[in-house]
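In the working numbering, the protein residues as written are 38 to 154.
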């Protein structure tokens, strides 16, 4: 079965950094676009960053210049490097794999990121 397992979340002070990882299994990873989304309490889930199977990236305005998404197809893993973290970045971060051509998408279970002094 398909599994997306996020890791790397935690608590950090404002201005700090975290690196999230999402390890995928059960899919042909290199053929999927991979995305990071987040959901803060009482808020809708929103896109943070996405990387296509070809390596093209796009970011939410709030993430541009601070976050970097990357993928390692040999390890079936996608990463989100988050720098200059702010309290507004506090949320549960979810990994998503999608392949629109076959109408498939999968979500991970989420990892908590808390930015607080």
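Just so you know, even glycine gets a beta-carbon here, dropped at the ideal spot from N, CA and C.
None of the values given here were measured: they were computed from a predicted structure.
- Nearest C-alpha to residue 133 among 56, 109, 145 and 127: 145.
- By the criterion of a C-beta distance shorter than 7 Å, residue 49 is surrounded in its chain by 55, 122 and 152, once the five residues flanking it on both sides are discounted.
- Listed in chain order, the beta strand (DSSP E) runs fully inside the stretch 88-137 are 94-96, 104-109, 114-119 and 128-136, counting runs of at least 3 residues.
- Nearest neighbour of residue 38 by Cα position, chosen from 51, 63 and 107, turns out to be 63.
- Residue 45 has its alpha-carbon roughly 18 Å from the corresponding atom of residue 125.
- Using a Cβ-Cβ distance cut-off of 8 Å, the stretch 99-114 and the stretch 136-144 are not in contact, since fewer than three pairs of beta carbons, one from each stretch, lie closer than that value.
- At the C-beta level, residue 75 and residue 130 come within 7 Å of one another.
- Sequence-distant Cβ neighbours of residue 107 in its own chain, meaning closer than 6 Å and more than five residues away, are 116.
- By the neighbour-count criterion, in which a residue is buried when 16 or more other Cβ atoms sit within 10 angstroms of its Cβ, residue 79 is exposed.
- Around the beta-carbon of residue 148, 16 or more other beta-carbon atoms lie within 10 Å, marking it buried.
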